[in-house]
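Novice:
Residue numbers (mature numbering (1 follows the signal peptide of the UniProt record, and there is no 0)): -17 to -1, 1 to 481.
This is the structure we're talking about:
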């Protein structure tokens, strides 16, 4: 009792200490616990503290670089003892720099030295360390047994943050989200303990992990179910004649009707990619070219266009085709891809005619006159044949499962050269575009995707639009496992009662 009281008093005193004192205390604690760290000012520190979004740099109190479960437990215990907030950083691709805490002064647990992927030849379950990047995961699973699970396209994204917050990509319409393939995980909690979660163990925490996991602990190992990688996949493009506001509204309306009414086969995965110079449907069909051409005939009539850039390959060829990178199997530290941008997201129902017209007019009047390097991605997300919306709404904390109300996933992205500064008056461009959607929709018909986080929202608004109906239960679980908010960032789930 005396020891517990002494530690509580120590933590309370340190919680009110200056940032300099906290930094000294966390450094001393990590050193005593023999946790590997980046030395401030070293090349490793510079690499690990460099944000993916150059617009949002933050300075950590310390960067732990664990290579074992015990290192992670000790780092978390040190943060709790000293009164420093702690954040896991897997691939470092957070649009809002939440892997760096979203503010100065956090302990960052840098996980990218932990990237092993092991496929069990009997169960076909893959054990994946949290710092593995998606390209390496795909490569390892294919090499070890021609297996796969559903995930996003960018090979440098870390599996940790990506999968526990959703994880959408060119297999999601066929096989669901990355979060849907998580069979279990080992998680370090705020008290430093390590627990296993699954459908039969710590079920509330397992539910919370699958949709909002970074709020509750640090995953030290995932178990993913896998599926046999298709022998063939076929990539293709369809140029869309969306040349003015009227054509956009009409063409988009026709496309969404086709999607709503079951026109999109389960094996087909598609998105619209548009910028100042192009409006293109990108597709990946899980099958060969002959099958694909037969399946997309109604689509081509719907959008009044033809196929182009058809390319059939094996599974890894499909991964490479939409990787937008020359390197797929990325491992270890030193990944230095960065951009300078502002981004927003949406998940919406089918858009009423007046909303389509509003969005299309904004596209014509504002977007096409904007000379910055912007783009919009419209993912064909839901509909009757989507694996994403076939998952029961209450199965995971990821909230967007309704085949009617969750039809499209959008990423809106506006970037400037890495050597420049994002303009202070630039935010209104994407803010206004999103408003052209949401002004005409009921709250139940839209939300936002936390993997495309927008840090300009306040905490209350962010929690609501990211988690919707899952939020009350998430807050109760947060109260149980992390009542002092050790795992905190500016848009983190708030414990119930606060």
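Just so it is clear, CB atoms sit at the ideal spot from N, CA and C, and this is done for glycine as well.
What are the start and end residues of the beta strand (DSSP E) that includes residue 357?
Specialist: By one-based count along the chain shown, residue 357 stands at place 374. Unbroken beta strand (DSSP E) run through residue 357: 356 to 363.
Novice: By a C-beta neighbour count over all protein chains shown, 10 Å radius and 16 as the cutoff for buried, is residue 467 buried or exposed?
Specialist: Counted from its first residue, the chain shown places residue 467 at position 484. The residue is exposed, with fewer than 16 neighbouring Cβ atoms inside 10 Å.
Novice: So the candidates are 209, 192, 282; which of them puts its Cα closest to the Cα of residue 236?
Specialist: Translated into positions along the chain shown, residue 236 becomes position 253. The shortest C-alpha separation from residue 236 is found at 282.
Novice: Kindly indicate which three-state DSSP category residue 284 falls into: helix, strand or coil?
Specialist: Working through the chain shown from its first residue, we reach residue 284 at position 301. Helix, per DSSP.
Novice: Name the residue from 297, 280, 295 whose alpha carbon lies nearest to the alpha carbon of residue 289.
Specialist: What you label residue 289 is simply residue 306 of the chain shown in a count that begins at 1. Nearest of 297, 280, 295 to residue 289, Cα basis: 280.
Novice: Exposed or buried, residue 182, counting other C-beta atoms within 10 Å across all chains shown (16 or more means buried)?
Specialist: The residue labelled residue 182 in the question sits at position 199 within the chain shown. The residue in question, residue 182, is exposed, as its Cβ has fewer than 16 Cβ neighbours within 10 Å.
Novice: According to DSSP, is residue 327 helix, strand or coil?
Specialist: On the chain shown, position 344 is the one that residue 327 refers to. Strand.
Novice: Under three-state DSSP, which class holds residue 534?
Specialist: There is simply no residue 534 to check, as the chain begins at -17 and stops at 481 in what is shown.
Novice: Between the region 104 to 116 and the region 295 to 307, do three or more beta carbon pairs fall short of 8 Å?
Specialist: no
Novice: Between residue 296 and residue 216, which are expected to be in contact by the criterion C-beta below 8 Å, what is the C-beta distance as a whole number of angstroms?
Specialist: Locating residue 296 in the chain shown gives position 313, counting from the first residue. Locating residue 216 in the chain shown gives position 233, counting from the first residue. The pair is a contact, with the Cβ atoms about 6 Å apart (cut-off 8 Å).
Novice: Could you name each continuous alpha helix (DSSP H) segment of 4 residues or more that falls completely within the region 408 to 479, going from the start of the chain to the end?
Specialist: Fully enclosed alpha helix (DSSP H) runs of 4 or longer: 410 to 421, 442 to 450, 454 to 464.
Novice: Could you give the uninterrupted runs of the alpha helix (DSSP H) lying entirely in the region 34 to 103, keeping only those of 4 residues or more?
Specialist: 52 to 65, all fully within the region 34 to 103.
Novice: Excluding the five sequence neighbours on either side, which residues of its own chain have a C-beta within less than 7 Å of the C-beta of residue 243, listed in chain order?
Specialist: Here the question's residue 243 lines up with position 260 in the chain shown. The residues are 333, 366, 390.
Novice: Just to confirm, is the Cβ distance from residue 85 to residue 79 under 8 Å?
Specialist: Reading the chain shown from its first residue, position 102 is the one you call residue 85. Reading the chain shown from its first residue, position 96 is the one you call residue 79. The answer is yes: Cβ separation under 8 Å.
Novice: Let me know the secondary structure DSSP gives residue 348 once reduced to three states.
Specialist: As a position in the chain shown, residue 348 is number 365, starting the count at 1. Residue 348: helix per DSSP, three-state reduction.
Novice: Measure the beta-carbon distance from residue 327 to residue 413 and round it to whole angstroms, keeping in mind my assumption that it falls under 8 Å.
Specialist: In the chain shown, the residue the question calls residue 327 occupies position 344. In the chain shown, the residue the question calls residue 413 occupies position 430. Confirmed, Cβ separation roughly 5 Å.
Novice: If you run the structure through DSSP and keep just helix, strand and coil, what is residue 307?
Specialist: Numbered from 1 along the chain shown, position 324 holds the residue referred to as residue 307. Three-state result, residue 307: coil.
Novice: How far does the beta strand (DSSP E) with residue 208 in it extend, from its first residue to its last?
Specialist: Your numbering for residue 208 matches position 225 in the chain shown. Unbroken run through residue 208: none, as it is neither H nor E.
Novice: Only counting the same chain, and skipping five residues up and downstream in sequence, which positions put a Cβ closer than 6 Å to that of residue 95?
Specialist: For this step, residue 95 is matched to residue 112 along the chain shown. If we look at residue 95 and ignore the five residues flanking it on each side, its Cβ neighbours are 114, 316.
Novice: Does DSSP classify residue 237 as helix, strand or coil?
Specialist: Looking up residue 237 in the chain shown gives position 254. The answer is helix: DSSP assigns residue 237 an H, G or I state.
Novice: Report yes if the C-beta of residue 342 is less than 7 Å from at least one heavy atom of the ligand MG; otherwise report no.
Specialist: Ligands in the displayed structure: none, and consequently the ligand MG is not present.
Novice: Would you kindly check if the distance between the Cβ of residue 222 and the Cβ of residue 263 is under 8 Å?
Specialist: Residue numbering aside, residue 263 sits at position 280 when the chain shown is read from its first letter. Residue numbering aside, residue 222 sits at position 239 when the chain shown is read from its first letter. Yes. Within cutoff.
Novice: Straight-line CA distance for residue 58 to residue 469?
Specialist: Within the chain shown, numbered from 1, the residue matching residue 58 stands at position 75. Within the chain shown, numbered from 1, the residue matching residue 469 stands at position 486. If you draw a straight line from the Cα of residue 58 to the Cα of residue 469, it comes to about 12 Å.
Novice: Between the alpha carbons of residue 66 and residue 120, how many angstroms are there, rounded?
Specialist: Reading the chain shown from its first residue, position 83 is the one you call residue 66. Reading the chain shown from its first residue, position 137 is the one you call residue 120. So the two alpha carbons sit approximately 35 Å from each other.
Novice: Pull up the distance between the alpha-carbon of residue 308 and that of residue 136, whole angstroms please.
Specialist: In the chain shown, residue 308 corresponds to position 325, counting from 1. In the chain shown, residue 136 corresponds to position 153, counting from 1. Between residue 308 and residue 136, the C-alpha separation is close to 10 Å.
Novice: Over what stretch of residues does the alpha helix (DSSP H) that includes residue 398 continue unbroken?
Specialist: Locating residue 398 in the chain shown gives position 415, where the first residue counts as 1. Looking at the DSSP string, residue 398 is not in any alpha helix (DSSP H); the run it does join, the beta strand (DSSP E), is 391 to 399.
Novice: In the DSSP assignment, find the unbroken alpha helix (DSSP H) run with residue 118 in it and report its ends.
Specialist: Locating residue 118 in the chain shown gives position 135, counting from the first residue. That run of the alpha helix (DSSP H) goes 117 to 128.
Novice: Of the residues 457, 324, 259, which one's Cα is nearest the Cα of residue 352?
Specialist: For the purposes of this step, residue 352 is taken as residue 369 along the chain shown, with counting starting at 1. Ranking 457, 324, 259 by Cα distance to residue 352 puts 259 first.
Novice: Shortest alpha-carbon distance to residue 450 belongs to which of 463, 439, 228, 474?
Specialist: If you number the chain shown from 1, residue 450 lands on position 467. Checking every option, the nearest Cα to that of residue 450 belongs to 474.
Novice: Kindly list the residues whose CB is nearer than 6 Å to the CB of residue 73, restricted to its own chain and excluding five residues on each side of it in sequence; keep chain order.
Specialist: Along the chain shown, read from residue 1 onward, the residue named residue 73 stands at position 90. Only 94, 113, 114, 141, 143, 144 meet the Cβ criterion.
Novice: Between residue 124 and residue 228, what straight-line distance do the alpha-carbon atoms span, to the nearest angstrom?
Specialist: By 1-based counting over the chain shown, the position of residue 124 is 141. By 1-based counting over the chain shown, the position of residue 228 is 245. Straight-line Cα distance between these residues: approximately 44 Å.
Novice: Would the beta-carbon of residue 343 fall within 8 Å of that of residue 232?
Specialist: Residue numbering aside, residue 343 sits at position 360 when the chain shown is read from its first letter. Residue numbering aside, residue 232 sits at position 249 when the chain shown is read from its first letter. Contact annotation: residue 343 and residue 232 have beta-carbon atoms nearer than 8 Å.
Novice: Mind checking which residues open and close the beta strand (DSSP E) that includes residue 179?
Specialist: For this step, residue 179 is matched to residue 196 along the chain shown. Where residue 179 is concerned, the enclosing beta strand (DSSP E) stretches over 177 to 181.
Novice: Report the rounded CA-to-CA distance for residue 278 versus residue 248, giving the unit in angstroms.
Specialist: Taking the chain shown and counting its residues from 1, the one referred to as residue 278 is at position 295. Taking the chain shown and counting its residues from 1, the one referred to as residue 248 is at position 265. Computed Cα separation, rounded: 7 Å.
Novice: Any idea if residue 68 is buried or exposed, counting beta-carbon neighbours within 10 angstroms, 16 or more meaning buried?
Specialist: For the purposes of this step, residue 68 is taken as residue 85 along the chain shown, with counting starting at 1. Buried: at least 16 other Cβ atoms inside 10 Å.
Novice: Mapping DSSP to helix, strand and coil, what is residue 193?
Specialist: Against the chain shown, residue 193 aligns to sequence position 210. If DSSP states are grouped into helix, strand and coil, residue 193 belongs with the helices.
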